[in-house]
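Student: Note that the sequence shown covers residues 36 to 325 in my numbering.
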Amino acid sequence: MSEVKKVLGIYGPGSNHWVGDGFPVRNLFPSNGVNEQINPFLMLDYAGPSYFEPAKKSHGVGEHPHRGFETVTIAYQGAVEHRDSAGNAGVIFPGDVQWMTAASGVVHEEMHEKEFARNGGTFEMIQLWVNLPKEQKMSKPRYQGITKEQIPSVDLGNGSYVRVIAGELHGIQGPAKTFTPVNLFDVRLKAGSKVELQIPDGHNSGVVLLKGDVVIDSSNELKGEARIATLSPDGDHVVLEAKEDTTLLVLSGEPIHEPVFSYGPFVMNSRDEIMQAVRDYNDGKMGHLG
Ligand code: MN
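Below you can see the structure in the form of structure tokens.
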């Protein structure tokens with residue numbers, strides 16, 4: 036019995052702010068009140084699209100820590116350079132994805148890539164935070180630099196397609212390794228397309244509009260830029276009808292039913308664990324950048 040996931044709510048950004056001097060973001064949760072309904076996802080910032088003048092010194096965000104979750108960065112325009120205290124480094128270009136598991140803790144920096152910074156240009160990224168289950172929060176940090184060539188596409192006809200970054204869509208597997216079941220789809224719809232995407236029953240999910248105009252389940256419209264629709268865990272698919280050429284990020288995941296204590300860059304299961312994270316960072320236990 037096939038049942039459609041229902042739209043729970045449609046939200047715009049809850050805050051607009053800068054992350055460092057490189058990421059002018061619109062926050063699509065949790066600042067707008069989208070909370071438990073999108074568990075296991077913790078945060079989504081949509082940076083840009085914004086034009087940056089040529090600069091001698093790269094913009095970005097300098098050395099800062101994370102513990103207890105994963106940061107996923109998806110590049111749409113421009114390029115980001117990452118370097119962390121676990122010894123991992125990488126650059127992502129349009130179409131590429133960086134999946135960084137902070138777990139027990141890293142210190143990293145996220146900067147505009149040097150040549151992009153020198154030349155200037157339009158910058159557009161999404162950063163998504165994915166929670167880790169308790170048993171993985173203190174595991175070893177990991178870095179997955181995923182190039183666009185590694186990300187398979189599902190052809191939906193009429194020029195519409197989905198790039199499967201993580202999880203599975205219509206039998207096609209994405210390359211990202213995850214600790215709990217997570218789907219992450221880069222969805223491009225041509226005006227006039229009507230498509231059905233399978234999203235597992237029991238997954239919390241969201242449809243993030245970067246730009247365009249799409250009708251979800253024939254009655255809920257996402258139009259313009261930087262909007263999110265949250266969907267019910269019940270149901271096993273969503274129907275999307277594009278009225279214009281539309282770019283979406285569809286995320287879904289099995290909820291993690293554990294307490295969430297979050298403080299800035301640390302997301303743990305208790306207040307004590309947060310205090311410990313602050314101490315460990317201050318004591319240099321998350322390392323330093325060389
Ligand atoms: Mn960071």
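We put the CB at the ideal spot given by N, CA and C, even for glycine.
Do you know offhand how far His117's Cα is from Ala124's?
Tutor: Distance between the alpha carbons of His117 and Ala124 is about 5 Å.
Student: Can you name, in chain order, every residue of its own chain whose Cβ lies under 6 Å from the Cβ of Leu245, other than the five neighbours on each side?
Tutor: Hits under 6 Å: Thr282.
Student: Please name the residue or residues paired with Phe296 in a DSSP beta bridge.
Tutor: Looking at the DSSP assignment, Phe296 forms a beta bridge with Met303.
Student: Please state if the CB of Leu257 and the CB of Leu163 are separated by a distance shorter than 8 Å.
Tutor: Cβ distance not < 8 Å, so Leu163 and Leu257 don't count as in contact.
Student: Rounding to the nearest angstrom, what Cα-Cα distance links Glu159 and Gly319 in this structure?
Tutor: Taking the straight line from one Cα to the other gives about 32 Å.
Student: Need the endpoints of the beta strand (DSSP E) that Arg153 sits in, please.
Tutor: Here Arg153 belongs to no beta strand (DSSP E); instead the alpha helix (DSSP H) covers Lys149 to Asn154.
Student: Could you tell me the alpha carbon to alpha carbon distance between Ile109 and Ile127, rounded to whole angstroms?
Tutor: Going by the C-alpha atoms only, they are around 8 Å apart.
Student: Would you call the CB atoms of Val42 and Asp252 closer than 8 Å?
Tutor: Cβ atoms of Val42 and Asp252: closer than 8 Å.
Student: So for Val313, helix, strand or coil by DSSP?
Tutor: Helix at Val313.
Student: Give me every residue whose Cβ sits closer than 7 Å to any heavy atom of the ligand MN, in chain order.
Tutor: Ordered along the chain, the selected set is Val96, His99, His101, Thr106, His143, Glu145 and Pro300.
Student: What separation, rounded to the nearest whole angstrom, lies between the Cα atoms of Ser287 and Met135?
Tutor: Near 18 Å, if we compare the C-alpha coordinates of Met135 and Ser287.
Student: Is the Cβ-Cβ distance between Asp280 and Ala226 less than 8 Å?
Tutor: Yes, these two residues count as a Cβ contact at 8 Å.
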